[in-house]
Each structure stands twice: as C-alpha cells, then as structure tokens.
C-alpha cells in the first residue's frame, strides 16, 4: 500500500510540474487530477484533511473537501463549481456554520515538494488567506 502512495506522489510531482509556467511564461494545461492521492492532512486546523473528489473515471476533479474534525470546533467545507488552469483551482463553497449560509468564491493554488502538498487559498470567508502544508493522510484509517 505504501508503494502505491509513493507512485501517486511521483505522478503528482510530474503533474504539478506540467501545471507550472513554461519557458515563455505561459501556463501549460490541462492539469491531470487522476494522479493525486485522494486524502491529505491530519484533520487539524493547521493540517486539515484535504480530499480531492474525482469523477467515476478518475480524470476530472468534481470537488474538494477541507475538513478539520480533530479540533475542538470541527469544521468541513466543500468546494464545488470547479474550474482548473495549470495548478490553480477556482470554485465556491458555502459556510454552513453561518446562519445565512453565505457562498464564497475561492482560489486554491497547489504546489508539491515531496512529500508535502502546499495549498494556498485566496478568496472570501473562513478559508480566505489560508495556507496549508499537508502530507498524504496516514493509511491506518485516520482519513
């Protein structure tokens, strides 16, 4: 099982390089999410679980869950209405903890340096201006 995780990490590294700027400064597309490990993080506010939800053939990103269940004040956010360009993902999420359930625009920028995935978030709401550095979730059932 650990070998599978290493292979996925290597594929993610290659895919992130493909999503970077080329020599002319243009973003190379498309970003292929089929090689991503599906679960990252520890479930805390500093290293939340970040789950990449793929379609049935594992080729298209359908959603991202960002969850902090191990904190005193558990929270989970689901990012939907996604579009990708290079290593940047844009979408929306709803803050269900706010009685008015506001919907916020969000941008996630991914970068990878083995074994860590950095997710820089810009936008509005409770996830605004957060940066998370996460490793693949442990295989012993924590995710």
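In the numbering used here, the protein residues as written are 14 to 156.
Cβ coordinates follow ideal geometry from the N, Cα and C atoms, glycine included.
message: Tell me whether the segment 99-115 and the segment 52-60 touch, counting them as touching only if at least three CB pairs, one residue from each stretch, are closer than 8 Å.
response: No, they do not touch.
- prompt: So what does residue 67 bridge to, in DSSP terms?
  reply: Among the bridge pairs identified by DSSP, residue 67 is matched with 74.
query: If you count every other CB in all the chains shown that lies within 10 Å of the CB of residue 109, and 16 or more means buried, which is it?
result: With fewer than 16 other Cβ atoms inside 10 Å of its own Cβ, residue 109 counts as exposed.
message: Tell me the DSSP secondary structure of residue 147 in three-state form.
response: The answer is strand: DSSP assigns residue 147 an E or B state.
field: Helix, strand or coil at residue 89 [DSSP, three-state]
entry: In this structure, residue 89 counts as strand in the three-state DSSP scheme.
field: Outcome for residue 64 when other beta-carbon atoms lying within 10 angstroms are tallied against a minimum of 16
entry: Residue 64 counts as buried, since at least 16 other C-beta atoms from the protein chains shown sit within 10 angstroms of its C-beta.
query: Excluding five sequence neighbours on each side, which residues of the same chain lie with their C-beta closer than 6 Å to the C-beta of residue 60?
result: Only 54 and 147 meet the Cβ criterion.
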